[in-house]
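S.K.: In terms of this note's numbering, the numbers along the sequence shown are unbroken and rise by one, the last being 216.
Sharing a structure here in structure tokens format.
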Amino acid sequence: MAVITISRQSGSGGNEVARILCERLGYHLFDKSLMSQLAEQVNAEPNINDEIPEQTNKTSVFLERLLNPLHGLSSESHEPRKEISENQSLTLTQIHDLVMAAYKLDNVVIIGRGSQIVLAGQPGTLHVRVIAPLEARVRTWQARENLSSKDAQKIALERDKAHEDFVKSFFDADIRDASHYDLVINTSRITPAAAAEIIIQALKGIPA
């Protein structure tokens, strides 16, 4: 199966589409939270890193352990992880390595983090952009957080800008450029479940 990357406008339902895809395909979800955990493990205590042979790709090993509950690296700790903010000081190389580790794992949906740029041209990938009109996204935020229309629009626009700035800063690319994607899906009249089904059908045409 192909690796799926999902870029999304805030409030467009992209996260829900990713969740449904993972449920239907049995995929793992690689999002900002998991990237945060992986970055922490890669930079963990020396005695943890020393367990892994030097010639082995440590990032990939840590990711496999994080996704396998039988091989957790820090089972003694149950504290919630902090998510990486858009401006947290990861280097381009670190972001590239984290995304590539997810790609090599296969059977994964990668949300954001410039993954459509990092994996451009890689075999077995399907790059998707999920969008919706601003009015629809504002309504989503209003319903989700019980916000006024003005506050909901502010959140949607600020988050969109943060995503755009992240990709521009790290990859000198425009996240809105449709040429980065194999599919652009407008969810204003398509439910997340229907969008997921479109993506699943598109997977069948992606060479392994």
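Glycine included, every Cβ here is placed at the ideal spot set by N, Cα and C.
Bear in mind the structure is a predicted one, so any value in this text is a computation, not a measurement.
1. Check whether the stretch 159 to 166 touches the stretch 139 to 151, counting contact only when three or more Cβ pairs, one atom from each stretch, lie closer than 8 Å.
2. Assign Q209 to buried or exposed, taking buried as 16 or more other Cβ atoms, counted over all protein chains shown, within 10 Å of its Cβ.
3. If you draw a straight line from the alpha carbon of I125 to that of A186, how long is it in whole angstroms?
4. From L127 to Y111, what does the alpha carbon distance come to, in whole angstroms?
5. Roughly how far, in whole angstroms, is the beta-carbon of V138 from the beta-carbon of F38, given that I think they are within contact range, below 8 Å?
6. What does H135 pair with, by DSSP beta-bridge criteria?
7. What does DSSP give as the partner residue(s) for L191 in the beta ladder?
8. Apply the 10 Å Cβ neighbour rule to Q130 and answer buried if 16 or more other Cβ atoms are within range, or exposed otherwise.
9. Can you tell me whether DSSP reads I198 as helix, strand or coil?
10. Could you spell out where the beta strand (DSSP E) holding I118 opens and where it closes?
11. Would you call the CB atoms of V107 and I207 closer than 9 Å?
12. CA-CA distance, R167 and I119?
13. So, at 7 Å on beta carbons, what are the nonlocal neighbours of S20 in its own chain, with the 5 sequence-adjacent residues on each side left out?
14. DSSP on L37, reduced to helix/strand/coil?
15. Compute the beta-carbon to beta-carbon distance between S123 and T199, rounded to the nearest angstrom, for a pair I have assumed lies under 8 Å.
16. Going by other Cβ atoms of all chains shown within 10 Å of its Cβ, with 16 needed for buried, is A10 buried or exposed?
17. Please list the terminal residues of the continuous alpha helix (DSSP H) segment that includes A272.
18. Could you check the C-alpha separation between D58 and D105 for me, to the nearest Å?
19. Following the continuous alpha helix (DSSP H) through F148, name the residue where it begins and the one where it ends.
M.R.: Walking through what the data contain:
1. yes
2. exposed
3. 12 Å
4. 8 Å
5. Actually they do not touch by this definition, with Cβ atoms about 16 Å apart.
6. T13
7. V136
8. exposed
9. Under the three-state reduction of DSSP output, I198 falls in the coil class, being neither helix nor strand.
10. V116 to I119
11. no
12. 14 Å
13. V138, I139, A140, R145 and T195
14. strand
15. Contact doesn't hold; Cβ gap of about 24 Å is too wide.
16. buried
17. With the chain running from 9 to 216 in the structure shown, residue 272 is simply not present.
18. Its pLDDT being 41, under 50, D58 is placed unreliably in this model, and the value from its coordinates should be taken loosely. Between D58 and D105, the C-alpha separation is close to 19 Å.
19. First, the amino acid is wrong: residue 148 is Thr here, not Phe. L142 to E153 is the extent of the alpha helix (DSSP H) around T148.
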